[in-house]
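**Student:**
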Amino acid sequence: MSPRNSVFEPGDTVRPGLVIERRIARGGMGEVFLAQDAALNRRVALKALYADEDPTGAAHRLHLEARAIAQVTHPHIVAVHAIGHAKGTVYLEMEYVEGMSLREALADGPVPLDDAGTWVAQAASALDAAHELGVLHCDVKPDNILLRRKAVGGALEATLVDFGLARSRVEGTIDLPVTHGTRAYLAPELVHRAPTAKADVFALAAVAHELLFGEPPMRVTWLDAPHLGTPARPATQLGPAAIAALSRALDPDPDGRPATAGEFADALLRGLGLGHLRNGRGGPDAQTTAQLAIPLYSYAATDGQLRSLVTTILALLPSNYPRALTLALGCEVPRALVAQLRAEGIASGVDGDLCLNSDVDRNPMLQQLDRKTLRNVMARTATAVEVTGPRNEATRELATRLYMSARRTADAARLAMESATAVKDAAARRQHIARAAALCATATQPRRWLEALVILLEWDMACGWVAAARQPLGEAQGLAADAGLPADDPVRVRLDLGAIWVSLALGQTANAESALDRLEGRGVLDVAHRGTAAAQRLRILLMRGELDAASRLTRTQSADREGLAWSEFWSIAALLAQHRGERAYADHALRLAQTAALDAHDDIGLGRATLAQAEVLYHRAQLEAGLAVAESAVDVLRARGTMSLTGYACALRGQIHAALGDALHATTWLARSEATFAALGLHAARIAALSAQAAVAQRSGALGAEASLRAERERLLRRSARDLAPATALDRVVFAFFA
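Count along the sequence shown from 1, add 3, and you get the number used in our numbering.
Written as C-alpha cells, this is what we have:
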C-alpha cells in the first residue's frame, strides 16, 4: 500500500492558538498528532483524516466517534474536547494521554500479575460505564488501551481510546454489524449478528489473556472456543479460579459469558489472588481460597474418599450452581463415579453439571469428613460459587455462609463489603458495612477491623446519620488508641476527620475547631484529606455566622482539586453563594463541585454535588416560575440520591408546588419528606419540614392544621434540644428551600 498523504505537518496552525507539534500514530483512516493549545496551556491529541481519504464516509465516522466518546465521562476513557474543520478535512480534538499502549507494554512478553489485574479492572470499569449509556466500543485490543502515569504515586493507569468502530444507541448505530476489527479479539457471534456488550467482554478477556500469557488465546477457527495458555506458560500456572474466569468470558456462546465486563474483572482478580485491587485500597491481599495448594483429589484420594468429597460438595451447593463442583473439587469428576451416583438416585446430570437430587437428605453427607477437611472443602466451595455463580446477592450470601462455616471470616467480610457497594439504599448499605465490620472484629488483625469501622463511620457521615455515627466512632477511637497508630497513619487521619464531623454535627464548634487546628498542624493531610478539612473549616465559619470569612475561604482555594471531599467543599460554596445572591459564583462553584466528583464514581459524592445543582435549579424555578425547570431539580436529586437525598428531593418538590400556589401537592410532598427524615433520625431536617408545612397551611387558610404542625415542631424541638445544634447560618444555607 502506498503511503497516505498527511493533512497536517509539525508547525501547522490548526486554529488560532492550536499548533501541531509532532505526529504520534498512523492508522488506516487517519493519523493522530500532538498539538499545543496555547489558550488553555495544555497539550491535546488531534485525530485527523488523511488528505486522500474519502471525505464523506470517513468524516461521518469521525463525527460518530466524537459523539460516542462525548456521551461517556469516565477517568479511564479518553475525553473529547471538540470536533473541527481545517485544510479541507475534519479533525477530532481529544485529551492527550502521555504514555505507551498495552501493545508496547507487551513487547517483552507477559506483564506482572498485579499490573495485568489492575489494567483489566480499569478497562472493565470504562467499558461498563460506556455500556450503561448504550455505547459499545467494538474494537477493544491492546493497541487501544493506553497507559498513563498517575500524578500521585506514579502508578500506570489504563485509558480506553479509539471509538472509531463504536456503536451507539443514541446515534442509531447499535444494530449495525461489525465489518472491521482485529480478528484475534472479535467475538465469534459477530460473524452473523450485531454486537452486544458481551462482545466487548470477550475482547477484554482476550486482552487479559495476552497480558497474562504474552499472546491472545489461540483459536483453530473463528467460531471455536479459544485454547488458553501457551507452551511457554501453561494455563495451569494461573490456578483453577483464574482459568475458570477466562474460560467463561471467552465462551463462544455469549449467553455463557459474564453479564458485564466488571463481573469478569472481579472473577479474574479473585482467581489471581488480587482481590485487594478491586476496591482500590491496595496493599497485600491474602491468597484466595481457590489458589490454595489443595491436591487434585482424583490422584491423591481413594475411590471412597473421592466419593465422600464429591457428595459433600454436592450437599453444600444448591442445584443452580452446577459448574462450581469441578472448581471446588480441583478436577473433573470421574465418569464412573458420575454413573454410580446417578444409578443410586443421589445425583443427576453429567460431569461438571452434576447436582444433588432434591429428595436426598443432605445432613448425613456433611458428616462424612473430619472437621479440618470439611472446613477446607467449604472454603473451596465458597470460592467456586463466587467465581462461577451470577453476580447477585444470593451468590454473595451463599458464599458468605460457606466462608463463615469454614472460619474464613476475612473472605466473608470482603463479600459483605461487596454487598454494600452493590446496593443503592443507604440503610441497606449500612447494614452490610456493619456486618463486614463485625466479621473483621478480631484481635489478631486489628487494622482490618479498624478500617471497616472507619468505612462505616464515613458512610454515616455521608448520609448525615449523627446518632448512628457515634457508635463506630467510639469503637474505632478505642481500637486506634490500643493499636498505637502514628499521627500520620491514613486510617488515623480519616478517623480524626470523622470525629471532627461528629463534633460539628452536635454543635460542638469549639471542640471541632481545636481538633481541626491540631490535625492541620501535624502536616499529615494529603490532597483529598485537605479537601475534607477545608469543608469542615467552611462549616465552622458558617455555623458561627461568619459568612464573609466563609466566602473568602472559598475564593482562596485552587479550582483543580478532585475527589469527593472537594466536591463537598464546592457544593457548600455553591449553596453559600446562592444564599447570598451571588448567582454567577454559585454556578462556578457548582461546576467545580461536579468536576471534582467525576473521578470518584460514588453515588453519595455525586449526590452532594447534585444537591447544590438542585438548589440552583430550584431558585431559578422560583424566579422564572417554570415548572419544567423545577421538576428537573427534583429529578436531578432523586436520580442518584440515597434515602436522605430522597427526603431532600421530596421537600424540594413540596416547596416548588408551594411557590406555584399548589397547596395540596405541596403538603403531600412536604409530609413525605418529614416521614423520610423521621425514619432516618435527621431531626433538624424534620423540624424544618414541619415549619414548611405550617407555612403552607397558614397561606391556604388551614389554621387547625397549622396549629397542629407548629405544636409538633415545638414538641420535637424540646425533645431533641440536646441532640441539635442551635439554628445557625449553615442551617439557613443548606435548608434554604424550606424558607
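Glycine included, every Cβ here is placed at the ideal spot set by N, Cα and C. These numbers come from a predicted model, not from an experiment.
How many Å lie between residue 659 and residue 501 at the Cα?
**Tutor:** For the purposes of this step, residue 659 is taken as the residue at position 656 of the sequence shown. For the purposes of this step, residue 501 is taken as the residue at position 498 of the sequence shown. The alpha-carbon atoms of residue 659 and residue 501 are separated by roughly 34 Å.
**Student:** Could you give the DSSP three-state label for residue 330: helix, strand or coil?
**Tutor:** For the purposes of this step, residue 330 is taken as residue 327 along the sequence shown, with counting starting at 1. DSSP places residue 330 in helix when its eight states are reduced to three.
**Student:** If the criterion is Cβ atoms closer than 8 Å, does the pair residue 405 and residue 319 meet it?
**Tutor:** Here residue 405 corresponds to residue number 402 of the sequence shown, with the count starting at 1. Here residue 319 corresponds to residue number 316 of the sequence shown, with the count starting at 1. Yes, they are a contact pair.
**Student:** Looking at the structure shown, is residue 362 part of a helix, part of a strand, or coil, going by DSSP?
**Tutor:** Counting from 1 along the sequence shown, the entry for residue 362 is found at position 359. Coil.
**Student:** Going by C-alpha distance, which of 554, 596, 572, 561 is nearest residue 584?
**Tutor:** In the sequence shown, the residue the question calls residue 584 occupies position 581. Considering only alpha carbons, the answer is 554.
**Student:** Rounded to whole angstroms, how far is the Cβ of residue 599 from the Cβ of residue 589, which I believe are closer than 8 Å?
**Tutor:** For the purposes of this step, residue 599 is identified with residue 596 of the sequence shown, where counting begins at 1. For the purposes of this step, residue 589 is identified with residue 586 of the sequence shown, where counting begins at 1. Not really, about 16 Å apart at Cβ, beyond 8 Å.
**Student:** For residue 353, is the classification buried or exposed, using 16 other Cβ atoms within 10 angstroms of its Cβ as the cut-off for buried?
**Tutor:** Position 350 of the sequence shown, counting from 1, holds the residue named residue 353. With fewer than 16 other Cβ atoms within 10 Å, it is exposed.
**Student:** Less than 8 Å between the beta carbons of residue 498 and residue 480, yes or no?
**Tutor:** One-based indexing of the sequence shown puts residue 498 at position 495. One-based indexing of the sequence shown puts residue 480 at position 477. Closer than 8 Å, so yes.
**Student:** Under 8 Å Cβ to Cβ from residue 325, same chain only, skipping five residues before and after it: list those, please.
**Tutor:** Here residue 325 refers to the residue found at position 322 when the sequence shown is read from its first residue. Excluding residues within five positions, the ones whose Cβ falls inside 8 Å are 352, 355, 356, 357, 358.
**Student:** If distances are taken between C-alpha atoms only, which option among 700, 204, 672 comes closest to residue 266?
**Tutor:** Indexing the sequence shown from 1 puts residue 266 at position 263. Ranking the options by Cα distance to residue 266, first place goes to 204.
**Student:** How far does the beta strand (DSSP E) with residue 216 in it extend, from its first residue to its last?
**Tutor:** By 1-based counting over the sequence shown, the position of residue 216 is 213. Looking at the DSSP string, residue 216 is not in any beta strand (DSSP E); the run it does join, the alpha helix (DSSP H), is 200–216.
**Student:** From what residue to what residue does the beta strand (DSSP E) around residue 36 run?
**Tutor:** In the sequence shown, counting from the first residue as 1, residue 36 sits at position 33. It spans 33–40 - the beta strand (DSSP E) in which residue 36 sits, taken as one unbroken run.
**Student:** Kindly provide the ranges of any alpha helix (DSSP H) runs that are 4 or more residues long and lie completely inside the stretch 428–475, ordered along the chain.
**Tutor:** If we require 4 residues or more, the alpha helix (DSSP H) runs fully inside the stretch 428–475 come out as 429–442, 449–466.
**Student:** Exposed or buried, residue 243, counting other C-beta atoms within 10 Å across all chains shown (16 or more means buried)?
**Tutor:** For this step, residue 243 is matched to residue 240 along the sequence shown. It counts as buried.
**Student:** Which class does residue 547 belong to by DSSP, given the choice of helix, strand or coil?
**Tutor:** Within the sequence shown, numbered from 1, the residue matching residue 547 stands at position 544. It is coil, neither helix nor strand.
**Student:** Looking at C-beta atoms only, is the number of pairs between the stretch 206–217 and the stretch 245–253 that lie closer than 8 Å three or more?
**Tutor:** With a cut-off of 8 Å, the stretch 245–253 and the stretch 206–217 count as touching, because enough Cβ pairs lie within range.
**Student:** Could you check whether residue 388 and residue 409 sit closer than 8 Å to each other, using their CB atoms as the reference points?
**Tutor:** Translated into positions along the sequence shown, residue 409 becomes position 406. Translated into positions along the sequence shown, residue 388 becomes position 385. Result no, Cβ atoms of residue 409 and residue 388 do not sit closer than 8 Å.
**Student:** Here's a check: name, in chain order, each residue in its chain whose Cβ is nearer than 6 Å to the Cβ of residue 688, leaving out the five neighbours to either side.
**Tutor:** Position 685 of the sequence shown holds residue 688. 680.
**Student:** Taking only the alpha-carbon atoms, compute the straight-line gap between residue 508 and residue 560 and give it to the nearest angstrom.
**Tutor:** Start at 1 with the first residue of the sequence shown, and residue 508 comes out as number 505. Start at 1 with the first residue of the sequence shown, and residue 560 comes out as number 557. So the two alpha carbons sit approximately 24 Å from each other.
**Student:** Closer than 8 Å by C-beta to residue 562: which residues in its own chain qualify, once you throw out the five before and the five after it? Chain order, please.
**Tutor:** Locating residue 562 in the sequence shown gives position 559, where the first residue counts as 1. 595, listed in sequence order.
**Student:** Near residue 361, what residues of its chain come up, given a Cβ to Cβ distance below 8 Å and the 5 sequence neighbours on each side ignored?
**Tutor:** Along the sequence shown, read from residue 1 onward, the residue named residue 361 stands at position 358. Contacts found: 322.
**Student:** Sort out for me which residues DSSP pairs residue 98 with in a bridge.
**Tutor:** On the sequence shown, position 95 is the one that residue 98 refers to. Residue 98 is bridged to 47.
**Student:** CA-CA distance, residue 607 and residue 168?
**Tutor:** Within the sequence shown, residue 607 is the residue found at index 604, counting from 1. Within the sequence shown, residue 168 is the residue found at index 165, counting from 1. Below a pLDDT of 50, predicted positions are generally treated as unreliable, and residue 607, at 47, falls in that range; the measurement from the model is reported next regardless. If I take the Cα positions, the gap works out to 34 Å.
**Student:** Where does residue 351 sit, in a helix, a strand or coil, going by DSSP?
**Tutor:** Mapped onto the sequence shown, residue 351 falls at position 348. Residue 351 falls in the strand class under three-state DSSP.
**Student:** Out of curiosity, what's the CA-to-CA distance linking residue 579 and residue 558?
**Tutor:** Locating residue 579 in the sequence shown gives position 576, counting from the first residue. Locating residue 558 in the sequence shown gives position 555, counting from the first residue. Looking at the two C-alpha atoms, the distance is approximately 12 Å.
**Student:** Please tell me whether residue 349 and residue 398 are closer than 8 Å, where the distance is taken between their beta carbons.
**Tutor:** By 1-based counting over the sequence shown, the position of residue 349 is 346. By 1-based counting over the sequence shown, the position of residue 398 is 395. Going by C-beta atoms, residue 349 is not nearer than 8 Å to residue 398.
**Student:** May I ask you to report which of helix, strand or coil DSSP gives residue 171?
**Tutor:** Here residue 171 is taken as the residue at index 168 of the sequence shown, counted from 1. Correct three-state label for residue 171: strand.
**Student:** Which first and last residues belong to the beta strand (DSSP E) in which residue 89 is found?
**Tutor:** As a working note, residue 89 is residue 86 in the sequence shown. Looking at the DSSP string, the run of the beta strand (DSSP E) that includes residue 89 is 83–89.
**Student:** Output the boundary residues of the beta strand (DSSP E) element that contains residue 495.
**Tutor:** Within the sequence shown, numbered from 1, the residue matching residue 495 stands at position 492. Residue 495 -> not in any beta strand (DSSP E); alpha helix (DSSP H) instead, spanning 493–508.
**Student:** When the distance is taken between beta carbons, is residue 178 closer than 8 Å to residue 200?
**Tutor:** For this step, residue 200 is matched to residue 197 along the sequence shown. For this step, residue 178 is matched to residue 175 along the sequence shown. Not closer than 8 Å, so no.
**Student:** I need the straight-line Cα distance from residue 365 to residue 392, nearest angstrom please.
**Tutor:** Against the sequence shown, residue 365 aligns to sequence position 362. Against the sequence shown, residue 392 aligns to sequence position 389. Roughly 21 Å between the two C-alpha positions.
**Student:** Between residue 69 and the rest of its own chain, which residues show a CB-CB distance below 7 Å, the 5 nearest in sequence each way excluded?
**Tutor:** Translated into the one-based positions of the sequence shown, residue 69 becomes position 66. These residues qualify, in order along the chain: 83, 86, 95.
**Student:** Per DSSP, what kind of secondary structure is residue 412 in: helix, strand or coil?
**Tutor:** The residue you call residue 412 lines up with position 409 of the sequence shown. Residue 412 falls in the helix class under three-state DSSP.
**Student:** Considering only residues of the same chain and omitting the five flanking positions on each side of residue 569, which have a CB-CB separation below 6 Å?
**Tutor:** Your numbering for residue 569 matches position 566 in the sequence shown. Taken in chain order, the residues that qualify are 534, 599.
**Student:** Compare the C-alpha of residue 459 against each of 445, 254, 478 and name the closest.
**Tutor:** Taking the sequence shown and counting its residues from 1, the one referred to as residue 459 is at position 456. Nearest of 445, 254, 478 to residue 459, Cα basis: 478.
**Student:** Beta strand (DSSP E) containing residue 148: first to last residue?
**Tutor:** Counting from one through the sequence shown, the residue named residue 148 turns up at place 145. Start and end: 148–152.
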